[in-house]
Amino acid sequence: MNRHVGYGFSAPISAAIDILPESLRHHMTDVHIVTGCDPVFIGLHAYRYSSDGRSYKHIAHVVYPYHQLTLPKHLRHPTIVLPTMRSICDILHEMGHIVHFWYGLDIIVPAIDDDYARINHHEAFAVAFQHWVLSSNDPMLDEYIKHLFESLLIRSR
Ligand SMILES: [Zn+2]
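According to my numbering, the residues represented by the sequence shown are 11 to 167, in order.
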């Protein structure tokens, strides 16, 4: 799978990359991003619906290599899928899932006070990451989460 970024999507994606901490920015530049299409139709994965019944044709999501069973192993990469245009905040959220994958999906952060963060520990990580990138002093983030993200940045240098 190569990167597919429509011109219309490049501005918010670039803006999201630009506000990442520097040590993550160059890693994120290499992440595969599929935009403006149905990921099942192009053969990225074969899951039509999310666990809560929403079609992957329409929702922003991340696909990990172990979900890409329709692709040969050497073409499987963690991939951000944006079927429709999304805000910078939403793109940062999906990048949070990528960061979680890089450092270990077994890392558990406590859910901040947000309905989406309470869905599972994957969403808890992504929502916390999104808030932390936008403001590392966000009062919703507790000290544990701030220290965790800061330590992950040190490991990524
Ligand atoms: Zn998410």
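Every residue, glycine too, gets a C-beta built ideally from N, C-alpha and C.
Query	Result
Close Cβ partners of D244 (< 6 Å) along its chain, the five nearest in sequence each way excluded	A question about residue 244 goes unanswered here, because the residues of the chain that appear run from 11 up to 167.
Where R128 falls, given that 16 or more other Cβ within 10 Å makes a residue buried	exposed
4 or more residues per run - each alpha helix (DSSP H) lying fully within the region 46 to 125	98 to 113
Three-way DSSP call (helix, strand, coil) for V143 in this model	helix
C-beta atoms of H157 and A136 nearer than 8 Å	no
Cβ neighbour criterion (16 or more within 10 Å) applied to R96	buried
Local Cβ density within 10 Å of G53, reported as buried at 16 or more and exposed below that	exposed
H107 Cβ short of 7 Å to ligand 1 heavy atom set	yes
Inter-residue spacing [alpha-carbon to alpha-carbon] between S60 and I108	18 Å
Helix, strand or coil at V137 [DSSP, three-state]	helix
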